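In full-length UniProt numbering, the protein residues as written are 1 to 150.
Okay, here's the thing in structure tokens:
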């Protein structure tokens, strides 16, 4: 039996029960899906270590339990970070925000006026080196083009 076939048998035999186990221990279906995916990814990476027969189920439950514990630790770290950031966040008073908005509008208006005034000026006049000249008629041409022009 190949490794892929063994993994598929383990997956098909234990997925429904393992999913129910994980769903009872998570708050959202997304967290449950993540935990199941990580559990079976670990099983695939360590397929040689998965015991045969009914022991595979116990092994998978152990992996799922550790995955769930890692998820909880990660969530508590993220929550602690959010609390710390809220405490350190500087709150601006309304007067400072109002003066900032006023300054922003004033500088935006100035910038727009500068752009408009520079783009609506007269188009550049041709200089003697760029002036258009009438086409030359004294150049030799092919007999075919000479016949067409007659």
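C-beta atoms are modelled at their ideal positions from N, C-alpha and C, and glycine is treated no differently.
Owing to the predicted nature of the structure, the values given are computational and were not obtained by experimental measurement.
Please work out which residues of its chain come closer than 7 angstroms, Cβ to Cβ, to residue i, disregarding the five sequence neighbours upstream and downstream, and give them in chain order.
i          : result
residue 64 : 18, 21, 22, 35 and 39
residue 47 : 3, 6 and 7
Hey, residue i and residue j are a contact pair by Cβ (cut 8 angstroms); roughly how many whole angstroms apart?
i          : j          : result
residue 58 : residue 14 : Residue 58 to residue 14, Cβ: 10 angstroms. No contact.
I'd like to check one pair, residue j with residue i: are the Cβ atoms closer than 8 angstroms?
i          : j          : result
residue 26 : residue 32 : yes
residue 10 : residue 80 : no
By Cβ distance below 8 angstroms, which residues in the same chain neighbour residue i in space, the five residues on each side in sequence not counted?
i         : result
residue 5 : none
In three-state terms, what does DSSP make of residue i?
i           : result
residue 93  : coil
residue 26  : coil
residue 46  : coil
residue 114 : helix
residue 53  : coil
residue 74  : helix
residue 62  : helix
Please return the same chain residues whose Cβ sits closer than 6 angstroms to the Cβ of residue i, not counting the five positions on each side in sequence.
i          : result
residue 85 : none
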